[in-house]
Amino acid sequence: MAIVVAIVGLGLLIAAHEAGHLLLARLMGMRVTTYSLGFGPRIAGFRHGETDYRLSALPLGGYCKIAGFTPDDPAAQDPNDSGSYMNKPAWRRFLVIAAGPGVNYFVAFVIIALLYMTHGFLDLTTTRIAVIADGPAAAAGMQTSDQVVAVDGVPINSFEDLRRELQKSGAPPERTIDVLRGGSRQTIHVRPKNGTISVRLDQVLVRLPPLAALPRAARDVWALNAATLGALVDAIRGRGAASLAGPVAIVRQASAEARRGLADFASILANISVGLALFNLLPVPALDGGRLVFLGIELVSGRKVNHRIESVVHVVGMLLLLGLLVSVVVFGDLQLGRRLFSRG
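Now the structure itself:
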């Protein structure tokens, strides 16, 4: 069941991406003929206005077909077709292409903001502890939910402060730890083992009001984007190729988070949505980023790039991407997929 939930969640992220192209194309006065989840033969759907909304046989992505998008489309060859993509100014075409990744960033932002407002986040600044059984802290009488305020008279303002103070070189064998318990301050004498007293950070979830959640979510999306880009650069340099995940690995990770609960599943979807946006913005032919490069050249030079040359470049890029996908699936996902789907 978790696998089904994961596949549906990933499908919704793809649907949101293509919906970004669809909505901006319509806003820019372009005619959208097809909005599809998946590729290949149409297996279900409906028509509304000029658009055929469909579910296709191969669930490997999706597409939004805009009239006049390719040079061989009759709408692209008709200079009087007001709904043709090719007949619109470059800045409008640029916005339509950028809208897909933009929506994925927005979806990640909304998910993270809602998590902060409803589920909360782990407060790493708390000094509340959880005591591990049979350790020095438990033997000395410390209890879970104690709030550490000082060690040997040194104020403690975070769990990292506690860790650093306990591991300080030259410290006495017995440490004096002040804690708050039930509103009263108590002093406990503990004998650490190898600089530890066997406690961990108590998981304190803090919820944020909307005015605080929104800017924090924006910072998190920015940080996720930077981390994803860094991982991609490392993979290209050969320092992290193992971190490249194909479709099966992504489904496996998402399904594992779905089993843990709604908040964990929503969190991984936000991560995947940022990854999907960044991947599509890479300046690679056939991806949104590759098309934006050609549109950027047109905006700067004021002249359209030859559409047939651009089309050939994108076809070559698509073939290379398909080859990359196959290699990732075969060499990275094949054994993983066998283990995943053999579970039933």
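Going by our numbering, the first residue of the sequence shown is number 39, and it counts up by one from there. The beta-carbon is built from N, C-alpha and C at its ideal position, and this holds for glycine as well.
Checklist line | Identity of the residue in Ile150, Gly299 and Gly327 nearest Val43 by Cα | finding: Checking every option, the nearest Cα to that of Val43 belongs to Gly299.
Next item on the list: Give me whichever residues DSSP pairs with Ala136 in a beta bridge.
Entry: DSSP output for Ala136 lists no bridge partner at all.
Item checked: First through last residue of the alpha helix (DSSP H) which encompasses Ser207 -> Note, Ser207: premise wrong, no alpha helix (DSSP H); not H, not E.
Checklist line | Under 9 Å between C-beta atoms of Leu246 and Ile149 | finding: No, the Cβ-Cβ distance between Leu246 and Ile149 is not below 9 Å.
Next item on the list: Give the DSSP-derived three-state secondary structure of Thr156 in the structure shown.
Entry: If DSSP states are grouped into helix, strand and coil, Thr156 belongs with the helices.
Check: Three or more C-beta pairs closer than 8 Å, one from the region 213-225 and one from the region 172-185: is that the case here?
Finding: Taking 8 Å as the limit for Cβ pairs, the verdict is that the region 172-185 does touch the region 213-225.
Notebook entry, point to check: When you compare only the Cα positions, how much space is there between His55 and Leu61?
Noted result: If you draw a straight line from the Cα of His55 to the Cα of Leu61, it comes to about 10 Å.
Check: Can you name, in chain order, every residue of its own chain whose Cβ lies under 7 Å from the Cβ of Leu314, other than the five neighbours on each side?
Finding: The answer, listed in chain order, is Leu51, His55 and Asn142.
Item checked: According to DSSP, residues forming a beta bridge with Asp199 -> Asp199 is bridged by DSSP to nothing; it lacks a bridge partner.
Next item on the list: Pick helix, strand or coil for Gln181, following the three-state DSSP scheme.
Entry: Assigned with DSSP and collapsed to three states, Gln181 falls in coil, not helix or strand.
Next item on the list: Answer with buried or exposed for Pro230, where buried requires no fewer than 16 other C-beta atoms within 10 angstroms of its C-beta.
Entry: Looking at its Cβ environment, which holds 16 or more other Cβ atoms inside 10 Å, Pro230 is buried.
Margin query: Just to confirm the assignment, what range does the alpha helix (DSSP H) spanning Ser339 have?
Written below: Start and end: Asp326 to Ser339.
Notebook entry, point to check: When the Cα atoms are used, what is the spatial distance from Ala105 to Thr72?
Noted result: Straight-line Cα distance between these residues: approximately 9 Å.
Check: Helix, strand or coil for Gly83 per DSSP?
Finding: Gly83 falls in the strand class under three-state DSSP.
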